[in-house]
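Undergrad: Structure incoming, see below.
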Amino acid sequence: MEKWIPIIIISLLSILLIVYLVVYFRDKKVLDKEAAGKRKDSNAALQLRLQAYERLVLLADRIALPNLISRLNMAGVSAKEMQLLLIQTTRQEFEHNTTQQIYVSTEAWEAIKNLKEQNMLIINQVSSFLPENASGSDLNKALMELLVQNPQASLHGIVSEALSYEAKNLLK
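In this note's numbering, the protein residues as written are 13 to 184.
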């Protein structure tokens with residue numbers, strides 16, 4: 013009987029080891045699946061953030077004054093009508109992208125808001141200096157002259173660079 017005790021102990025230890033290994037590998041498999049799911053979720057979140065930055069770079073380009081003017085240049089409209097059209101288009105473009113603020117930094121969103129506000133301010137100020145009977149072409153010409161004489165008056169290049177920089181940092 014004493015001879016069997018070591019064999020029984022070894023058998024019990026072997027069974028315990030097998031049970032432990034089964035439980036360990038089962039739990040490891042579950043944990044690995046959870047980790048893979050988290051990586052997948054993290055990857056999806058990264059994609060959403062990158063897409064948001066991409067959309068905001070596009071927005072900055074679309075509301076840049078030279079681009080707005082070339083896209084909306086219409087003959088036969090008054091300066092007042094052109095002013096309203098430029099302001100309305102800027103607002104619509106901005107509002108169309110407001111949900112992107114969820115995915116970008118506060119600084120990036122503030123830069124976009126500042127660009128929108130600055131462009132609307134420039135449009136309104138330049139428009140206020142034109143004579144009452146000025147045409148839309150006169151307003152567009154005055155805006156372009158201001159931008160050529162004062163390149164720092166336009167923030168869209170700086171905003172686009174800042175957005176690109178932040179997006180690239182996400183990829184690091």
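The beta-carbon is built from N, C-alpha and C at its ideal position, and this holds for glycine as well.
What you are looking at is a predicted structure, and each value in this text was computed from that prediction instead of being measured.
Tell me the start and end of each unbroken alpha helix (DSSP H) in the region 137–173 that is at least 4 residues and wholly inside, in chain order.
TA: The qualifying runs are 148–161.
Undergrad: Any chance the region 96–113 sits against the region 62–69, with 3 or more Cβ pairs inside 8 Å?
TA: In short, these stretches touch, since the Cβ pair count reaches three.
Undergrad: Could you name the residues of the same chain whose beta carbon sits closer than 7 Å to that of residue 76, not counting the 5 residues immediately before and after it, in chain order?
TA: The answer, listed in chain order, is 166 and 168.
Undergrad: Taking 6 Å as the limit between beta carbons, can you name the residues of its chain near residue 171, skipping five residues before and five after?
TA: The residues are 72, 123 and 127.
Undergrad: Restricting to runs no shorter than 4 residues, where is the alpha helix (DSSP H) found entirely within the region 56–90?
TA: For the region 56–90, whole alpha helix (DSSP H) runs of length 4 or above, ordered along the chain, are 77–84.
Undergrad: Quick one: grab the DSSP three-state call for residue 128.
TA: It is helical.
Undergrad: If you reduce the DSSP assignment to three classes, tell me which class residue 115 lands in.
TA: Looking at residue 115 - three-state DSSP - the assignment turns out to be coil, as it is neither helix nor strand.
Undergrad: Buried or exposed for residue 145, going by 16 or more other Cβ atoms inside 10 Å?
TA: That one is exposed.
Undergrad: Mapping the DSSP letters down to three states, classify residue 97 as helix, strand or coil.
TA: Here residue 97 sits in helix by DSSP.
Undergrad: Checking 8 Å against the spacing of the C-beta atoms, do residue 95 and residue 158 come in under that value?
TA: Not a contact, by the Cβ cut-off of 8 Å.
Undergrad: Using beta-carbon positions only, say whether residue 120 and residue 173 come within less than 8 Å of one another.
TA: Not in contact: residue 120 and residue 173 (Cβ atoms no closer than 8 Å).
Undergrad: Compute the Euclidean distance between the alpha carbons of residue 98 and residue 80, then round it to the nearest angstrom.
TA: C-alpha separation (whole angstroms): 7 Å.
Undergrad: Nearest to residue 164 by CA position, among 131, 183 and 136, is which residue?
TA: Residue 131 is the option with its Cα nearest to residue 164.
Undergrad: Using the C-alpha atoms, what's the distance from residue 100 back to residue 118?
TA: Rounded to whole angstroms, residue 118 to residue 100 spans 25 Å at the Cα level.
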